[in-house]
Amino acid sequence: MTARRLLLLGPPGAGKGTQAKRLEESLGVPQISTGDMLRQAVASGSAVGREARSYMDAGKLVPDAVVIGVAEQRLRQPDASRGFILDGFPRTGAQAEALDALLARLGVELERCISIQVDEDELVERLLRRAEIEGRSDDNEQAIRTRMEEYRRKTQPLVDHYRASGVLVEIEGMGDVEAVAKRIQEALA
Ligand code: AMP
Numbered sequence: 000m001t002a003r004r005l006l007l008l009g010p011p012g013a014g015k016g017t018q019a020k021r022l023e024e025s026l027g028v029p030q031i032s033t034g035d036m037l038r039q040a041v042a043s044g045s046a047v048g049r050e051a052r053s054y055m056d057a058g059k060l061v062p063d064a065v066v067i068g069v070a071e072q073r074l075r076q077p078d079a080s081r082g083f084i085l086d087g088f089p090r091t092g093a094q095a096e097a098l099d100a101l102l103a104r105l106g107v108e109l110e111r112c113i114s115i116q117v118d119e120d121e122l123v124e125r126l127l128r129r130a131e132i133e134g135r136s137d138d139n140e141q142a143i144r145t146r147m148e149e150y151r152r153k154t155q156p157l158v159d160h161y162r163a164s165g166v167l168v169e170i171e172g173m174g175d176v177e178a179v180a181k182r183i184q185e186a187l188a
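See below:
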C-alpha cells in the first residue's frame, strides 16, 4: 500500500511545496501548507493574518498557538480523512506534539516523514531565484537568513522525533524535480 499520511520536512527552498503539489495529484489527498494558509490569512486581513504578518515578513516562525490552530482546523476537514501531505507543519517540538495528539484523537497515524536534504548554498540560490519569480515579501536576503536559522534551531531537531517514531525516510533533494519526485515515490511504497 502506498503511504497517504505524509509529512515533508526540509529547510526553506528544499522543494517541499513543489513535491507536495505533485503528490497531491498522484495520491489524490490534499497538500496542507501552513505557509500558504497563513499567506491567505494575511491577504484577507483576518485576525490570524494580522497576527502572523510581522513574523512572516521577518522570516521568523509564527507563534505555535496560531499555527497549531490553523493546522488542526484544516486536518479536521473531511477531505483530509483519507490522507494528507503536510508541507511546512510541524516546525517546532510543540507543533509536533500537538500533531501527534491530534492524529491520536482522530485515530490515524502518520505513515512517513520524508526529510529532504539540500546543501545550504544551493538553498540560498534557489530562494533568491524564487524571490525574483514570485516576489514573496520574505524572500529578501535578511529574511532568508533568518528562516534558515529558525529551521536549524527549531525544525531540524524534529528529524530525531520522527526517526524515533519509525516513520523517517531521508532523501537527497539535489538534482531536478523529476529525480527528487522519483526518490519520494520509492519512499512511499
Ligand atoms: P513557508 O511557505 O512554509 O516557507 O512559510 C512561510 C512563513 O510562514 C514562514 O517563514 C513562517 O513565518 C510562517 N510559517 C509557515 N508554517 C509555519 C509553522 N508551521 N510554524 C511557524 N511559522 C510558520
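Numbering-wise, numbering that gives the first Met the number 0 puts 157 at position 158 of the sequence shown, and it's gapless, one number per residue. Even for Gly, the Cβ is constructed at its ideal location relative to N, Cα and C.
Hey, would you say residue i sits closer than 8 Å to residue j, going by beta carbons?
i	j	result
F83	T33	no
R111	A186	yes
K20	T145	no
A188	T1	yes
A85	I143	As written in the sequence, residue 85 is Leu, which differs from the Ala given in the question. Contact flag unset, no.
L122	G44	no
A95	L157	yes
L8	I113	yes
A51	L37	yes
A163	Q18	no
I67	A103	no
D138	M55	no
A57	G48	no
Cβ-heavy atom distance between residue i and ligand 1 below 7 Å?
i	result
T33	yes
P11	yes
I98	The question names Ile, yet the displayed sequence has Leu at residue 98. Not under cutoff, so the answer is no.
Q94	yes
D207	No answer is possible for residue 207: the residues shown for the chain start at 0 and end at 188.
M55	yes
R49	no
G68	no
L37	yes
R90	yes
Please determine, among the options, the residue with the shortest C-alpha to C-alpha distance to residue i.
i	options	result
L105	E119, S80 and L122	S80
V28	P77, L98, Y161 and K15	P77
M173	G14, R3, A103 and L8	G14
G92	T17, M147 and K153	K153
E108	V69, L74, Q18 and S25	L74
D35	S53, G16 and L26	G16
I115	Y150, S53 and G48	Y150
P10	A64, S25, V168 and D118	D118
D159	R90, V61 and E131	R90
Hey, quick one: how far does the beta strand (DSSP E) through residue i stretch, first residue to last?
i	result
R104	Run containing R104: none in the beta strand (DSSP E); it sits in the alpha helix (DSSP H), G92 to L105.
L214	Residue 214 lies beyond the residue range present for the chain, which begins at 0 and ends at 188; the question has no answer from this structure.
Q30	Q30 to S32
R4	R4 to L8
D86	F83 to D86
V168	L167 to E171
By the three-class DSSP mapping on this structure, what secondary structure does residue i have?
i	result
E110	coil
R73	helix
D63	helix
V123	helix
Where do the ends of the alpha helix (DSSP H) carrying residue i lie?
i	result
L187	V176 to L187
V47	A46 to A57
S25	K15 to L26
A142	E140 to E149
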